[in-house]
Amino acid sequence: MNGGVRPIRKRNPRDAANLLSHLFIGYIYKTIGKGVRKDLEDSDVYEVIRGCESKTLGDRLEKEWRKEVSKKKPSLLKAILRIHGLMYICLGVSIFVYETTLVTILEPILMGKVTSYFEPGTNRTKSETTLYTIGLCGCSVLLCLCNNQFLLGLLTMSLKIRVAVTSLIYRKCLKLNTNFSAQYNAGKAVTLVSKDILQFFDSADYALMIVVGIPQFCVMMVVSYLQIGVSAIAGASLIFFVLPINLYLGKLATSYRLKTAGKTDNRIKSTQEILTAMRIIKLYTWEKFFSKSLDTLRKREIKDLRILLYIKALASAFGELSSRIAFYICVITYITLGNHITAEKAFIVTGCFGALRSVLTTYMPMGITQLAELKASLGRITSFLLLEEVPEAICRDVRAGEIIVKDLTVKLAGETVLAAVNVEISKGLTLIIGPTGSGKSSFLKAILGDVSLSEGKVTRSGNVSYGSQEPWLFPATVRQNIIFGEKFDEDRFRDVIKVCALERDLGAFANGDQTIVTDRGLNLSKGQKARINLARAIYKEADIYLLDDCLSSVDNRVGKHIFDECIKGFLKNSICVLVSNSPLRLDGDDVVMVLSNCRVKFCDRFSNFVKWDDKEVDTNLSYNTSDPKMEIQTVSNTISPEKNDVSAPDNYRELNRVGQVNRSVYFAYFASGGGWKMLLAVLLFFIAAQVANSWSDYFVSFWVDMEQDLTGFHLNNTIDSAEYSELEDAHDKVIKSYSFVMLGASIFTVLRAVVFYIFSCKASSAIHSSVMANILRTRTSFFDNNLSGNVLNRFSRDLAVIDEQMPGTLDGVLNVILSVLGVFFVVSSVNLYFIIPSLIFMVLLYFARRLYLPTGRSLRRLEGASRSPMIGYINATLEGLTTIRASRAQRILEKEFDNHQDVYSSVVYMNIVASRAFGFYVDMTCAFYIAVITLSFLLFKTDSIAGTVGLVITQAVYLTGILQWGVRQWANLENNMTSTERVLEYEKVEQEDQSGDNPKKWPTNGKITFTNVSLRYFPTSERVLKDISFEISSKFKIGVVGRTGAGKTSIISTLFRLYDFRGTITIDGVDINSLSMPLLRSQISIIPQDPVLFTGTIRSNLDPYNFYSDNDLWSALEEVDMKSSIPDLEYDIRDGGANFSIGQRQLICLARAIVRNNKILVLDEATANMDQKTDNLIQSTIKRRFQDCTVITIAHRINTVMEADRILVMDLGQILEFDNPQVLLNNKDGHFYKMAFAAGIKV
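Using the UniProt record's numbering, you'd call the opening residue of the sequence shown number 1 and step up by one each time.
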């Protein structure tokens, strides 16, 4: 959105890599070396690799998706497969060929051949066995090379799919019909991009392995059948028995994935709503309510998530046990049939089952649930992509410079907002007036084509520019907010700044028009935001200007300047449609259109309007006279000399931590899961399960050795001996013990998974609850310095990592660590000398981890930081959809979003490659370990028998198998922990001091005294209040006036202690700094500038703590004339009040103040968006209901404070005048006199 020049990045080294560099992933080593020396920064990120550009991939998928949309049942998956299907098939064929050849056939056979050499009476020679051993080691090396290339290719393809789908989702956001903005809000879009999209990464791997695993399983069965006959079929039957269970679990996973995703959407939506309205929440002291509300949503989410994780745990446990139990059934069946097995046959079968262990234990069970989750995510994404879009264009079959509206009817959410509208609008000013909620804003959107027309037709000619009622600003410079993708024309820019009365404001900014606007313009006053928003609409050269109530947030003098110089002057040769309820002076040829009850009651020239007599329409319109113009002070040096920004400031940039993840993060995570007791219980179950599994491997060795001895007795015909009888008894005991061990392994494996996921869910829930509570209690300045998109990123994507990826990663790491230790123990128990290569192996792994982790950690942090702009762009885009489309800036925003996604994709790809380089190193180390262990049996004279040799070799080969998967989990542990670190950073934000006195029955009178009060929003910024002192007597009504940015709202900020200030403020003689924050804010009512409603009910928006009765609430609604518009107190408020007009929202905010009935009431430009009739209603209500209260009214409409007891005139943070309005009006040289004169008040 800022349109600046992006930093030039270095070419990705992969694009220039040679064949050897590709084969051994050498092009990433330089990055890893740099990561070891220092933490990687944004400047170290390369260009995205060729073929992974967001625009290119987005264009291709969009083209294919258009083809699908034309079908009866559109399928996003089919569109993706048409692009990437061929590559996917090639990857599948390649893994089937090398996995089947190397793992399923060669490794088990070679393992059996090597083992048979150690059988008594074998005919196999040492040289022959050496060749078999070299072949076995060669298989490991070749498998290492093939696996890493396969995984790199698969993950790269998955990244491309993820980039393409994300780009398609963003493009859909730009086309969404505003009718659906309430249903499919930013929270849902953020969930799709941050959570659902991730399913493509794992699912691609799982789906391929399941498809390839089935024929591999068949090959394995053939090899096993050739060795042990029908017993192999008995073992295989278990796999077929477990498959339906996994399919059922997959179906359950789909159901709970959809439930969890829906709950996540609600939580993120609520979080976003809270982050964008934190000031209001603090002013109302509603922090506890929203904390409790979010905790409730989170508990519902975790409840479904826990069940989903349990389903995954069961699937994983069944898978992990299936290969062991299947082999156990083979053994029992083979023995039952009266057979005696040789070592060669036993270890070929063991090798076959071991080769498929990863498929059976991980890919098959987890893959089914993963694919079920992918199906659910695809359904959610497809539903979003199929939402109704805005019309492509409006017919242009009318004369140049004309708008024709014929029989127009618009319905939103089933309610009619415009009915049977017929008007023609031509060049000049057309003013639209009418009561609050009469459909004025909807009429402008109908002209834009931004709402669906239920009936009728709108035709227009020429380009359109639009200024929204609610100012929409995005994080960028003031200039970038104004030019908004248009070509920079300095002369026009200066003219626009002048006619929009922004020169003085820009002159007051430290950096002029290069001043950074923070999230939603929080560092600007409402008036400044409104004028920058107007300047954007005016800067665009258009034939038609649609301005929605752009004068309501500015004072009368500035409003008159804008009306005279901008609307009547700068736009005099264009069509200008202005919605306003401000007092204006019109020419006789200007057109006035009156909307009431969704219909046009009047539309004609102003000269005829003044003759029209309708008591329901109360306006302040009058003829334009030759009154002298009020000069607006200007400042000359407000525009930076450069024609264009040299570089675009990265407003979404986050401050990344450096160095390793602190141990305190790990401790905090474990403590959140239930503390050391819970962690100890988890570890005990893990250890028990591993001991049982390793013990079962030992029994295979015992059984083979006994079978070998029994075979010897049979060959020697000595089965009648006592030794044979003892051996048979021992053989039976081994088989029984083996059965009990398998039972124990099954029980502990299931319990381990369940207990672990209880622990992880508790950790996720506790972290969210603690951090969110801190965010709600933090200082207001936190939200000035942190964009809501960045904060939301941590509560969406980072929390999703903690919820779903962290448990799997930690589970995998614990499994791998214990499995590796189990392998080392088993191997070393056979021969103590094997401790030496095992220790060397561990040292090599340790140093590999030390080399990789700094780079992986830095890249993961950069990944989180580079994702924030994408989340921020989605939020900002959905907030300003109408303005974006009116400005035809969709392509510009697409380009900006693609630029941000390219940076993110480049970081993700660097992380993938670095991880694979680490995996390649570990795999090669494993191959070396297998070679050392296997060759040592041949090179050194040992008395090992076949069973122990086979046990050692199978364990070493198994080590390679688990590390193929485990290394990815091990490498990701600290990387994923950075997400925990990012979320937990918010536990350390500075909190508001909640301590202080809580006097009862305070305040009693409402007397307020300011003494030498000064305020700065930032330590290095200019003072916005400069030693102001004044006193407000009890029950006095005070009007605070001044041009926008004068410091009026800053007075309110100090009164509510939103910021620390110098000086003293007392209420009824009590220093407010001595009071507790909740008490102070709860005793002052406020109707803020921005009328904020929260998604919920009328009741929860008026009285969230249920302090008041229904009668009190209905009475308050009746006072503000809203009772007839609300059927009941449980009436739903959707998407922050989208089903109410802005004026109606303000009336509900007034009802809040009436309900609270405090001694002090603050109105912060509360009637800015009201028509005159509603304004009069509010003023009369305030007079009646708050006559015994102290009332401070900040107003732009001077007439609303003319009956005040005192008027406080502010400018540049200083008090210019403070007295009775009549006294001030008697001073014709005074500031208030000039303001009243400019407002058309008779003085």
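For glycine and all other residues, C-beta sits at the position ideal for the given N, C-alpha and C.
Where the alpha helix (DSSP H) containing G85 begins and where it ends:
Working through the sequence shown from its first residue, we reach residue 85 at position 85. DSSP places G85 in the uninterrupted alpha helix (DSSP H) bounded by L76 to Y98.
Endpoints, alpha helix (DSSP H) assigned at A668
The residue given as residue 668 occupies position 668 in the sequence shown. For A668, the enclosing alpha helix (DSSP H) stretches over residues R663 to S672.
Could you give the first and the last residue of the continuous alpha helix (DSSP H) run that contains V230?
The residue you call residue 230 lines up with position 230 of the sequence shown. If you look at V230, you'll find it isn't in any alpha helix (DSSP H); DSSP assigns it neither H nor E.
Since N523 and D798 should fall inside the 8 Å C-beta cutoff, what is the C-beta to C-beta distance between them, to a whole number of angstroms?
Your numbering for residue 523 matches position 523 in the sequence shown. Your numbering for residue 798 matches position 798 in the sequence shown. Incorrect: roughly 26 Å between the Cβ atoms, too far for contact.
Using DSSP with H/G/I as helix, E/B as strand and the rest coil, what is E424?
Taking the first residue of the sequence shown as 1, we reach residue 424 at position 424. Strand at E424.
Leaving out five residues on either side along the sequence, give the residues of the same chain with a beta carbon under 8 Å from the beta carbon of F384.
Mapped onto the sequence shown, residue 384 falls at position 384. So the list reads I169, K172, Y184, K188, A189 and L192, once near-sequence residues are dropped.
Counted within 10 angstroms of its Cβ, other Cβ atoms place R1197 as buried (16 or more) or exposed:
Within the sequence shown, residue 1197 is the residue found at index 1197, counting from 1. Per the 10 Å Cβ criterion, buried.
Return the Cβ separation of V830 and L951 in integer angstroms, given the expectation that the two are a contact with Cβ distance under 8 Å.
In the sequence shown, residue 830 corresponds to position 830, counting from 1. In the sequence shown, residue 951 corresponds to position 951, counting from 1. Sure, about 7 Å apart at Cβ, within 8 Å.
Can you tell which of K601, R752, L102 and A692 has the C-alpha that lies nearest to the C-alpha of G352?
For this step, residue 352 is matched to residue 352 along the sequence shown. Per the sequence presented here, residue 352 reads as Cys, with Gly not at that position. C352 has its Cα closest to that of L102, out of K601, R752, L102 and A692.
When the distance is taken between beta carbons, is A313 closer than 7 Å to V754?
As a position in the sequence shown, residue 754 is number 754, starting the count at 1. As a position in the sequence shown, residue 313 is number 313, starting the count at 1. Yes, these two residues count as a Cβ contact at 7 Å.
Could you tell me the alpha carbon to alpha carbon distance between Y117 and K126, rounded to whole angstroms?
Start at 1 with the first residue of the sequence shown, and residue 117 comes out as number 117. Start at 1 with the first residue of the sequence shown, and residue 126 comes out as number 126. Between the C-alpha atoms of Y117 and K126 there is a straight-line separation of about 8 Å.
Would V913 and I28 be called neighbours here (beta carbons separated by less than 7 Å)?
To locate residue 913, count along the sequence shown from 1; it is residue 913. To locate residue 28, count along the sequence shown from 1; it is residue 28. Result yes, Cβ atoms of V913 and I28 sit closer than 7 Å.
Looking at the structure shown, is C173 part of a helix, part of a strand, or coil, going by DSSP?
Residue numbering aside, residue 173 sits at position 173 when the sequence shown is read from its first letter. Here DSSP, grouped into helix, strand and coil, assigns C173 to helix.
A204 and L154: beta carbons closer than 7 Å?
Counting from 1 along the sequence shown, the entry for residue 204 is found at position 204. Counting from 1 along the sequence shown, the entry for residue 154 is found at position 154. Contact flag set, yes.
Considering only their Cβ atoms, is the gap separating T1174 from F1036 smaller than 7 Å?
Working through the sequence shown from its first residue, we reach residue 1036 at position 1036. Working through the sequence shown from its first residue, we reach residue 1174 at position 1174. No, the pair does not count as a contact, with Cβ atoms beyond the cut-off.
Pull up the distance between the alpha-carbon of V554 and that of S995, whole angstroms please.
Taking the sequence shown and counting its residues from 1, one reaches residue 554 at position 554. Taking the sequence shown and counting its residues from 1, one reaches residue 995 at position 995. Using only the alpha carbons, I get a separation of about 38 Å.
Alpha carbon of residue 1330 to alpha carbon of D42, nearest angstrom
In the structure as shown, the chain begins at 1 and stops at 1243. Residue 1330 is therefore absent and cannot be evaluated.
Going by DSSP, name the residue or residues bridged to K457.
Position 457 of the sequence shown, counting from 1, holds the residue named residue 457. Beta-bridge pairing links K457 to K406.
Closer than 6 Å by C-beta to I497: which residues in its own chain qualify, once you throw out the five before and the five after it? Chain order, please.
For the purposes of this step, residue 497 is taken as residue 497 along the sequence shown, with counting starting at 1. Counting only Cβ-Cβ distances below 6 Å, and skipping sequence neighbours, we find E503.
With respect to the alpha helix (DSSP H) encompassing residue 1249, which residues constitute its N-terminal and C-terminal limits?
Because the chain is modelled from 1 through 1243, residue 1249 falls outside the range shown and cannot be assessed.
Across which residues does DSSP place C52 in a beta bridge pair?
Residue mapping note: residue 52 aligns to position 52 of the sequence shown, counting from 1. Answer is none; C52 lacks a bridge partner.
Nonlocal neighbours in the same chain, by C-beta distance under 6 Å from P854, ignoring five residues either side:
Translated into the one-based positions of the sequence shown, residue 854 becomes position 854. Result list for P854: G35 and V36, in chain order.
Comparing alpha-carbon positions, which option in I311, K303 and K345 lies nearest L252?
Against the sequence shown, residue 252 aligns to sequence position 252. Per the C-alpha coordinates, the member of I311, K303 and K345 positioned closest to L252 is I311.
What does the Cβ neighbour count give for Y958, buried or exposed, with the cut at 16 atoms within 10 Å?
Position 958 of the sequence shown, counted from the start, is the residue given in the question as residue 958. Buried, since its Cβ has 16 or more Cβ neighbours within 10 Å.
Taking only three categories from DSSP, how would you classify T1064?
By one-based count along the sequence shown, residue 1064 stands at place 1064. For T1064, the three-state secondary structure derived from DSSP is strand.
Do you know offhand how far I447's Cα is from V421's?
Sequence index remark: in the sequence shown, residue 447 carries index 447 (1-based). Sequence index remark: in the sequence shown, residue 421 carries index 421 (1-based). Distance between the alpha carbons of I447 and V421: 12 Å.
Is N1226 buried or exposed, if buried means 16 or more other CB atoms sit within 10 Å of its CB?
Against the sequence shown, residue 1226 aligns to sequence position 1226. For N1226, the number of other beta carbons within 10 angstroms of its own is below 16, and it is reported as exposed.
By the DSSP assignment, the alpha helix (DSSP H) with V1191 in it spans what residues?
Taking the first residue of the sequence shown as position 1, residue 1191 is located at position 1191. That residue, V1191, is in no alpha helix (DSSP H); its beta strand (DSSP E) goes T1190 to I1194.
Close beta carbons around G1096, own chain, < 7 Å, minus the five adjacent residues each side
Along the sequence shown, read from residue 1 onward, the residue named residue 1096 stands at position 1096. Apart from sequence neighbours up to five positions away, the residues of its chain that approach G1096 with a beta-carbon distance below 7 Å are I1133, ordered along the chain.
Go ahead and pull the three-state DSSP assignment for F1010.
Here the question's residue 1010 lines up with position 1010 in the sequence shown. Three-state result, F1010: strand.
With a 10 Å radius around its C-beta and 16 neighbouring C-beta atoms as the bar for buried, classify W676 as buried or exposed.
Sequence index remark: in the sequence shown, residue 676 carries index 676 (1-based). The residue is exposed, with fewer than 16 neighbouring Cβ atoms inside 10 Å.
Nearest to I49 (by Cα), restricted to the options V907, Y669, V813 and R599
As a working note, residue 49 is residue 49 in the sequence shown. Each of V907, Y669, V813 and R599 was checked against the Cα of I49, and the nearest Cα belongs to V907.
Using CA coordinates, which residue listed in N790, V558, I335 and L151 is at the minimum distance from H22?
Taking the first residue of the sequence shown as 1, we reach residue 22 at position 22. Comparing Cα-Cα distances from H22 to each of N790, V558, I335 and L151, the minimum goes to L151.
Give me the Cβ distance between I32 and A917, rounded to the nearest whole Å; I'm assuming they're in contact under 8 Å.
Walking along the sequence shown from the start, residue 32 turns up at place 32. Walking along the sequence shown from the start, residue 917 turns up at place 917. The Cβ separation is near 7 Å, so the contact holds.
Under 7 Å between C-beta atoms of I1194 and V1040
Indexing the sequence shown from 1 puts residue 1194 at position 1194. Indexing the sequence shown from 1 puts residue 1040 at position 1040. A Cβ-Cβ contact shorter than 7 Å links I1194 with V1040.
Give every residue of the same chain whose Cβ lies closer than 8 Å to the Cβ of E863, excluding the five residues on either side of it in the sequence, and list them in chain order.
Residue numbering aside, residue 863 sits at position 863 when the sequence shown is read from its first letter. Taken in chain order, the residues that qualify are Y904, V907, V908 and N911.
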